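FYI, the numbering for the sequence shown is -5 to 993, going by our numbering.
This report concerns only the one structure given below.
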Amino acid sequence: MRASYTPPLILFLLLLLIYPPPSSPATAPLLSDAVLGLIVFKAALQDTAGALSTWSPDDSSPCGWAHVDCASSSGAIDAVVGLSLSSLSLSSSSGLPRGLDLLPFLRSISLSSNNLSGPLPSPFPYLPRLSSLDLSSNSLSGSLPPSLLSHSLPSLRSIFLQSNSFSGPLAFSLFTSPACASLRLLDLSSNSLNGPIPESISHCSLLLHLNLSCNSFSGDPFSVLSFLPRLRILDLSHNSLSGPIPNSIASLHHLKLLRLSGNQLFGQIPFGIAFLPHLLTLELAGNQLSDNLPSWFTRLTALQRLDLSSNSLTGEIPSDLSALEELRYLSLAGNSLSGGIPASLADLSKLTELRLGHNVLNGSIPPKIFDLELQVLDLVGNNLAGTLPPISAKLAKALQWLDLAGNGFTGKTSPEIVFCSNLQYLNLSWNNLDSPVPPELGDFKNLSVLDLRSSGIYGQIPADLCNSGSLRVLQLDGNGLSGRIPDEIGNCSVLHLLSLSHNNLTGNIPAAMAELKKLEILKLEYNYLSGEIPQDLGTLSNLVAVNISNNRLAGRLPASGVFPSLDPSALRGNLGLCSPLVAEPCKMDDVPKPLVLDPNTINQGRNHSRANPAASSPAEIRHRRRLLSLSAMIAIAAAFFIIIGIMVVCLLNISARRRLEKALESICSSSSRSGSTPAVGKWVIFDTLQYSVAVLAGVSADGILSKATEIGRGAFGIVYRAAFAGDSRPPVAIRKMVSHGIIGSHEDFDREVRAMAKALHPNLLSVKGYYWTPQLQLLITQFAAGGSLHFRLHGSGAVEASLSWAERFNIALGAARGLAHLHRAFRTPVIHYNVKPSNILLDGDGNAMVADFGMALLLPSEKFAAATAAGGFGSSMGYAAPELACQSVRVSEKCDVYGFGVVLLELVTGRQAVEVGDDETVVLADVVRTVLERGEAAECVDRRMGEFPEEEVLPVLKLGVVCASLIPSSRPTMAEVVQILQVIKTPVVERMAAFSWER
């Protein structure tokens, strides 16, 4: 039955309005159905590039038009059988335009890579001969109409709808039509579809190619898919599928490609896969598969690509993997594999990529591995040792990526490495080479990334390092480099990241560095650099992060570029720098600074007057004495007032402490009266003037720790608000700590709380004191009148009182500053471990204060380790960095950066980090990554905040994704985050958001 659609007569009348008839109607040709349909189709499109300019209603046939394919079909001469309209910049806001149902012989439609938006029509146009429909890479949205595979398209063989914005579950009726039986290819990847895969898909029994990857499908799909025995390609990667992979997968014995990566599958790798003899590609990465690598892999003799990375596999790498003679790609990275690298892997003569990084492999590299024609060799993060084998001619010709970082390799690099003419990425960082700088570094022709951090090299930086002109990332931190930074550094014309910190470099910062027009990150901290900073560095418009701290630099900072907005931490330790950003006095160590009392003596010889004081005239002496007497009187008076002020403050504090202790003891007494035993313990009140006067005066002790004053609950206890009757000072918050699991020693508790109290910063919730007994612990902190960021974003009143963009940005910058202070202001950085919106509080003016820092240290060491291994504390799902669950990865401040990155994504999108529904779990970071990859970042911005500047919002969104990188070394530090957020307010940010934080 023909679909209900606009009648041709109405289309014709519409056509007359758009294209009036010629002046001589007697000679005007009648429009054919094909011409009429295509002209109406064109009328609904915006054709900015003029790709359809040849489509004219004056023609009797469309067969001469561009992008229209015609052929004789079923007795019809010059019937339209194909529309090839891909990548023509065509736009439409109404989905698929009308008019196509006037083309009854149409067999294929391709509108991919255009700008079509809106939903697909329902019902779909009646096209009885259509066999291929390609609408991929557009912005089509809504749910897929159940009529798509109905009688409207009875001959359909291929559907390409990938890379759109379709959402919702797939209707059961979508696959129940008899037309489904003719379908051979279905590609719905890279959308926002969710829910289970309908059982009705089993009706598509002739399906050969099924791609549902990069959606949010959930549940166990295998019982449904076992009814599709003809499948050759099955791609379900990057969804939320769960459960074990059953042995029944053997029923798909024609499979050539099986991709299940990026799901939540667990259990062993099933033996049923061994019965897929035609399998060329097997990808199971990014799941929770466990146990040893099976030995039956040798049955898959046709296998060319095997990816089992990022699982929980254990045991040794089977030596009989060498039986997979066709293997070209092998990745076992990110597991817990042990033992050595089997020498038999060198028998895989066709292998081009070998990735075994982030395991616990030991021993040395089998020398024959370096005889293969590998393009990629990744052994990062193991326990490998020994010297590096010599590089063969085969490897030198093919090698493009070499990553041996984080091992224990010693000795010099192989001199043959200079012949790796195609090498683009070289990472030997975190090894023990203990050798001079390799002289061949300047001979690479295509090297883009060079990372030798903490590799034990010493000597001078080669002047020819940038001869290739292709180096984009240069990291030489933490070595024994000495001498000057060569002026030839200016030849690194495409350098984006230059990091030379923690070395012994001397001399000036070369003026030639101002030639690095693409430079975005510059790190020179902890060296012995001296002299002035070249003013021309301020002209580097792409520079967004600089750290020159702890050198011997002097003079003025550049007045332009990123320098006026640098965080003080990036400058400290240079006593000669003159800038309002530097807290230390401006000292010019190399320049004498004479004391001049009389301006008239400036031009006199200083040494002469010291050697011969009698040479001064009596008038000069009297004038100098008057100046000295006046100075002495001022100094004495100032000292007197200072001493009086100190005494007054001390008396006030002593009085306040006594009154506060008395008031707080009543809380303890009230609390103990409700229990079986009195809680007699010790109050400790820290001296803070703001809370020194009658902090709890007039407050009922029975009313403090009650349900009425409760303001929050968390992993570490209940928080109450203590108000102050008759006092204008702000209230305090009192946390009744959970006694179970908290350290039981008063000395340990006191030490940790005092450390927390020393963390004084405007963006940190200050600690005021505590009460302790073995049965009861109370923690007194500053009160946040604005509530938590979580409540402001997701609470009941979040819609009515939504935060504006200016408020959100201010919160982001404040929280970043607070975390940066924790990371850098202490000899041992304070790691928060639980950064999330509920731990970011707001004061009455909307300024951010990071709370609950240091709480993790109140746990005993064994409970702290267990909580860390579980991925964080409290309800931190979505905020805990992945390395917290990995015992083999060193936890650093970068875990806080991960949580902060998720907070940035929540501030921009207004969505929660993890949204759990009946059938699915949506992780915000994954959603935003997918949206950014499609170039549709603006679509996920929270519209509740009203108008917003895209030049600020989108860079913050991208910064959040960078901070939430799964690899800790790819995340910036919090100090760098502060710098970038500050720069986002300036025009230079236009390129900052696109910067890739490379290792």
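Backbone N, C-alpha and C fix where the C-beta goes; we use that ideal spot for every residue, glycine too.
In this text, all values refer to a predicted model and were calculated from it rather than measured experimentally.
Query: Continuous alpha helix (DSSP H) assignments of at least 4 residues falling wholly in the region 163 to 222; Result: 216 to 219
Query: Candidates Leu274, Arg811 and Lys36, of which the one nearest Gln976 by Cα; Result: Arg811
Query: Extent of the continuous alpha helix (DSSP H) run through Gly954; Result: Glu944 to Cys957
Query: For Ser260: DSSP bridge partner residues; Result: For the sequence presented, residue 260 should be read as Phe rather than Ser. Looking at the DSSP assignment, Phe260 forms a beta bridge with Pro238 and Gln282.
Query: Beta-bridge pairing of Gly402 - partner residues as DSSP gives them; Result: Ala379
Query: Alpha carbon of Ala753 to alpha carbon of Leu417, nearest angstrom; Result: 47 angstroms
Query: Distance, Gly309 Cα to Val896 Cα; Result: 35 angstroms
Query: Cβ separation of Ser464 and Asn485, assumed to be a contact under 8 angstroms, to the nearest whole Å; Result: About 11 angstroms separates the two Cβ atoms, so there is no contact after all.
Query: Opening and closing residue of the alpha helix (DSSP H) in which Ile978 lies; Result: Met968 to Ile978
Query: Ordered list of alpha helix (DSSP H) runs contained in the region 504 to 549, each at least 4 residues; Result: none
Query: Under 9 angstroms between C-beta atoms of Glu277 and Arg293; Result: no
Query: Contact set for Leu201: own chain, Cβ-Cβ below 7 angstroms, skip 5 residues either direction; Result: Leu177, Arg178, Leu180, Leu222, Arg224 and Leu225
Query: Reduced DSSP category for Trp766 - H, G, I as helix; E, B as strand; rest coil; Result: strand
Query: When Gly400, Pro432, Trp395 and Gln394 are compared against Ser408, the one with the closest alpha-carbon; Result: Pro432
Query: Spatially closest choice to Gly261 from Leu307, Asp301, Thr767 and Phe169, by CA coordinates; Result: Leu307
Query: Residue range of the unbroken beta strand (DSSP E) whose run includes Lys752; Result: From DSSP, Lys752 is part of no beta strand (DSSP E); its letter is neither H nor E.
Query: DSSP-derived helix/strand/coil call for Glu741; Result: helix
Query: Val374 vs Gly333 beta-carbon contact at 9 angstroms; Result: no
Query: Classification of Glu887 by the beta-carbon crowding that lies within 10 angstroms, buried from 16 upward; Result: buried
Query: Bridge partners - Ile385, DSSP secondary structure assignment; Result: DSSP lists no partner for Ile385.
Query: Cβ pair Tyr452, Leu468 closer than 9 angstroms; Result: no
Query: For Glu909, the three-state DSSP class (helix, strand or coil); Result: strand
Query: Every unbroken beta strand (DSSP E) inside the region 457 to 490 [3 residues or more]; Result: 467 to 469 and 474 to 478
Query: Reduced DSSP secondary structure (H/G/I, E/B, other) of Met843; Result: strand
Query: Bounding residues of the beta strand (DSSP E) (the contiguous stretch that carries Ile805); Result: That residue, Ile805, is in no beta strand (DSSP E); its alpha helix (DSSP H) goes Trp799 to Arg818.
Query: Euclidean distance between Cα positions of Gly904 and Phe803; Result: 13 angstroms
Query: Euclidean distance between Cα positions of Leu422 and Ser495; Result: 17 angstroms
Query: Stretch-stretch touch, CB-based, cutoff 8 angstroms, three pairs: the region 134 to 141 with the region 157 to 170; Result: yes
Query: Own chain residues within Cβ distance below 7 angstroms of Leu534, not counting five before or after; Result: Ala508, Leu510, Lys511, Leu513 and Gly555
Query: Close-in-space but distant-in-sequence residues of the same chain around Asp428 (CB under 6 angstroms, 5 per side omitted); Result: Gly450
Query: Limits of the beta strand (DSSP E) - the one that Cys572 falls within; Result: Gly570 to Cys572
Query: Length of the line joining the Cα atoms of Leu953 and Asp95; Result: 47 angstroms
Query: Beta-bridge pairing of Asp372 - partner residues as DSSP gives them; Result: Arg349 and Asp397
Query: Same chain, Cβ closer than 7 angstroms to Cys889, five either side skipped, listed in chain order; Result: Ile825, Tyr827, Ala875, Glu877 and Leu878
Query: Endpoints, alpha helix (DSSP H) assigned at Leu302; Result: No alpha helix (DSSP H) contains Leu302, which DSSP labels as neither H nor E.
Query: Sub-9 angstroms separation of Leu516 and Gly549 beta-carbons; Result: no
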